[in-house]
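Working notes, structure below.
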Amino acid sequence: MIENNNVQHYTEEQIQVLEGLEAVRKRPGMYIGTTSLRGLHHLVYEIVDNSIDEALAGFCDKIEVTINEDNSVTVVDNGRGIPTGIHPQLNIPTLEVVHTVLHAGGKFGGDGYKVSGGLHGVGASVVNALSERMEVEVYREGKIWRQAYEKGVPVTGVECIGDTDRTGTKTTFRPDPEIFDEVVFDFDILLKRFRELAFLNRNIKIVLTDKRRNEENQEYKTVELHYEGGIVSFVQYINRNKEVIHPDIIYFSGTKEDAEIEIALQYTDSYIENVFSYANDIPTTEGGAHVTGFKTAITKVVNDYARKINALRENEKNLSGEDVREGLTAIINVKLTNPQFEGQTKTKLGNADIRSFTENIVTEKLSYYLEENPKTGRIIVDKTLLSFRAREAARKAREMTRRKSALENTSLPGKLADCSERDPAKCELFIVEGDSAGGSAKQGRDRRFQAILPLWGKMLNVEKAREDKVYSNEKLSPVITALGVNIGENIDLTKLRYHKVIIMADADVDGQHIRTLLLTFFFRYMRPLVERGHIYIAMPPLYKVKRGKEEYYVYNDKELQKLLSEKKWNKEDNSVNIQRFKGLGEMNPEQLWETTMNPETRTIMQIRVDDPVITDEIFTILMGEKVEPRKEFIHKYARMVNNLDI
Ligand code: 0RA
């Protein structure tokens with residue numbers, strides 16, 4: 000039996016502690032959002048955030064994160080080490096307080112940090128409560144201290160286990176499978192987040208190692224993330240597969256008593272705006288004060304400059320904010336003492352003072368930059384003027400479309416076979432390429448709640464076109480009217496006519512192509528639909544395998560091999576019949592219903608966009624101008640492209 004040295008401390012406080020941990024285990028969602036894969040990875044971020052705080056306080060510059068062979072994770076930093084002495088109020092070692100008392104992490108010990116990270120900032124005690132086992136070692140004042148816990152409860156005291164000449168903290172934890180849906184860590188998910196953290200904190204080196212081995216992976220995987228260029232490197236990274244239109248990445252920063260901000264930006268020849276913002280290392284996907292301040296300032300500065308160099312004459316209208324941000328890649332990185340997170344997903348920075356702070360810095364420093372670099376200034380102004388003119392054309396196209404539909408007195412496209420159900424939450428729209436597949440789908444569907452829209456005509460690669468072309472494209476315009484929500488800045492989700500929008504295309508290369516084009520369209524012009532999980536991909540089978548009375552639908556070649564070997568069936572054998580579907584149109588309506596459309600039996604894939612940086616990257620690579628990165632990407636991520644589960 001493991002002796003618990005703290006038994007004598009079972010006081011009122013200790014009972015409260017146990018109740019606190021029990022509350023975390025009962026309602027983990029309240030503390031880490033979710034017990035899905037995302038929540039699992041969140042545990043690692045919580046522990047790493049504590050080390051980042053130590054680094055931001057200036058005492059640590061290296062953090063090593065290791066996924067161990069048993070799927071536990073170890074985080075080591077070279078900071079001062081968590082204090083191990085007796086906590087004056089609770090009368091037990093501070094190390095134990097940090098790991099067992101809720102909300103004790105980070106802010107103990109008097110000299111608080113200037114800034115603090117942490118997605119929810121719940122700290123080490125929550126991670127501990129949700130771990131089947133945790134062990135912490137502290138290197139401090141020449142000694143190594145250690146304590147172990149199970150499900151949050153100490154199973155040893157804080158023990159001195161040896162001498163050392165280093166300082167720091169090492170935490171190893173194994174998430175509790177009773178709590179989490181999955182307990183296998185994903186290297187790439189961690190890599191993405193740590194790369195982001197390394198960009199945002201140029202002084203920190205993060206080393207991520209995967210010690211798990213499998214058939215594919217005989218070696219340790221190790222990645223060192225350290226970007227001395229900070230967010231300048233981040234912009235360079237985002238633009239690495241795009242055509243930039245000026246060589247230098249523009250950078251400026253500013254500080255006030257309780258906040259600091261830095262901004263890096265560069266224009267590319269694309270039509271897309273990529274402004275990524277962070278507050279205390281947390282992605283502020285809903286924007287907020289810093290983003291508003293930035294947008295106001297850059298619009299004003301570029302307009303003033305355009306007038307000054309006579310690119311925009313007195314009688315001409317101002318360039319709009321969208322004009323000024325077309326093709327812009329920017330990172331806004333703010334660190335502040337008391338961040339207020341607001342909005343639906345608590346990713347909108349509320350601190351009102353940050354708005355004018357950002358606005359003043361951008362106004363002053365960007366004007367100065369343009370004065371000093373007239374060549375770059377001219378390039379940027381020319382780009383925004385092009386955008387300005389295209390947008391005027393788009394406005395006219397939009398008015399035309401409106402007028403036209405008013406004349407025709409019907410807004411739904413003629414090809415749409417609508418469903419009878421009127422509650423959008425119950426309705427599904429299948430978008431089907433081509434007429435023959437559309438025909439089978441119309442016959443095979445359940446017309447009560449499934450609508451079919453066959454696509455026609457010439458498709459547009461929206462990655463290479465502006466809004467006016469999208470409205471007038473013969474293939475996309477029926478999609479816009481069928482969904483009812485409009486596009487871009489004008490999108491209105493309350494008008495959505497189907498809560499499931501399912502792209503149904505052949506399982507071949509052409510099908511893949513149309514799928515990618517449609518996904519790009521949804522991502523660039525109806526992004527909220529994608530973010531809310533309304534977009535799906537149908538998975539039609541590739542083969543039907545039949546032997547006697549036994550019949551199976553198979554979705555790819557690997558599955559086919561598996562089925563044949565499991566059944567010990569031989570391809571060459573005549574009693575075995577393998578039918579390959581070349582296209583959806585080859586299936587009869589019953590087969591299509593059974594394999595692809597019937598909610599009881601089908602597989603559909605929901606498109607996710609967890610990470611805007613990565614998603615932008617994928618679409619840029621797949622749809623952008625450069626051919627080489629696309630080839631490389633498809634080569635490297637063939638499976639992913641195949642599944643398109645991004
Ligand atoms: C507050 C005070 C001190 C260290 C830390 C926090 C600390 C916490 C963590 C969590 C992970 N790694 C960490 N490293 C340091 C020590 C104050 C002092 O030595 O005076």
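Numbering-wise (numbering that gives the first Met the number 0), the sequence shown opens with residue 0 and increments by one. Using N, Cα and C, we set each Cβ at its ideal position, and we do this for glycine too. As the structure is a computational prediction, the values presented were derived from the model and not from experiment.
What is the DSSP secondary structure of residue i, counted as helix, strand or coil?
| i | result |
| --- | --- |
| residue 219 | coil |
| residue 328 | strand |
| residue 281 | strand |
| residue 576 | strand |
| residue 592 | helix |
| residue 29 | helix |
| residue 183 | coil |
| residue 306 | helix |
| residue 117 | Note that residue 117 has pLDDT 38, beneath the 50 cutoff, so the model's placement of it is unreliable and the number below is only indicative. Looking at residue 117 - three-state DSSP - the assignment turns out to be coil, as it is neither helix nor strand. |
| residue 601 | coil |
| residue 130 | strand |
| residue 442 | helix |
| residue 484 | coil |
| residue 146 | strand |
| residue 20 | helix |
| residue 477 | helix |
| residue 633 | Low confidence applies here, because residue 633 scores a pLDDT of 45, under 50, leaving its location unreliable; read the following figure in that light. If DSSP states are grouped into helix, strand and coil, residue 633 belongs with the helices. |
| residue 351 | helix |
| residue 550 | strand |
| residue 51 | helix |
| residue 167 | strand |
| residue 338 | coil |
| residue 65 | strand |
| residue 490 | coil |
| residue 12 | helix |
| residue 611 | helix |
| residue 194 | helix |
| residue 73 | strand |
| residue 123 | helix |
| residue 178 | coil |
Are the beta-carbon atoms belonging to residue i and residue j less than 8 Å from one another?
| i | j | result |
| --- | --- | --- |
| residue 66 | residue 211 | yes |
| residue 482 | residue 497 | yes |
| residue 298 | residue 323 | yes |
| residue 596 | residue 447 | no |
| residue 331 | residue 290 | yes |
| residue 393 | residue 341 | no |
| residue 551 | residue 544 | yes |
| residue 318 | residue 254 | no |
| residue 474 | residue 457 | yes |
| residue 154 | residue 144 | no |
| residue 173 | residue 130 | yes |
| residue 501 | residue 428 | yes |
| residue 80 | residue 43 | no |
| residue 461 | residue 387 | no |
| residue 347 | residue 287 | yes |
| residue 292 | residue 353 | yes |
| residue 230 | residue 62 | no |
| residue 541 | residue 506 | yes |
| residue 477 | residue 412 | yes |
| residue 492 | residue 450 | no |
| residue 432 | residue 329 | no |
| residue 64 | residue 193 | yes |
| residue 538 | residue 490 | no |
| residue 32 | residue 41 | yes |
With residue i and residue j assumed to form a contact (beta carbons below 8 Å), what rounded beta-carbon distance in angstroms separates them?
| i | j | result |
| --- | --- | --- |
| residue 369 | residue 327 | Going by Cβ atoms, the distance from residue 369 to residue 327 rounds to 14 Å, so no, they are not a contact pair. |
| residue 135 | residue 94 | 7 Å |
| residue 180 | residue 71 | Not quite, the Cβ-Cβ distance comes to about 18 Å (not below 8 Å), so this is no contact. |
| residue 536 | residue 603 | 7 Å |
| residue 430 | residue 517 | 7 Å |
| residue 280 | residue 51 | 7 Å |
| residue 167 | residue 76 | 5 Å |
| residue 248 | residue 268 | Actually they do not touch by this definition, with Cβ atoms about 16 Å apart. |
| residue 495 | residue 484 | 5 Å |
| residue 273 | residue 615 | 6 Å |
| residue 364 | residue 251 | 4 Å |
| residue 442 | residue 588 | 4 Å |
**Request:** Write down every uninterrupted run of the beta strand (DSSP E) in the segment 371 to 438 whose length is 3 residues or greater and which is fully enclosed by it, in chain order.
**Result:** 427 to 432
**Asked** Along the chain, which unbroken stretches of the beta strand (DSSP E) at least 3 residues long are found entirely within the segment 227 to 294?
**Response** 249 to 255, 258 to 266, 273 to 278
**Message:** Going residue by residue through the segment 494 to 529, where are the continuous beta strand (DSSP E) segments of at least 3 residues, counting only ones entirely within it?
**Reply:** 499 to 503
**Prompt:** Going along the chain, which unbroken runs of the alpha helix (DSSP H) with 4 or more residues stay wholly within the segment 80 to 106?
**Reply:** 93 to 99
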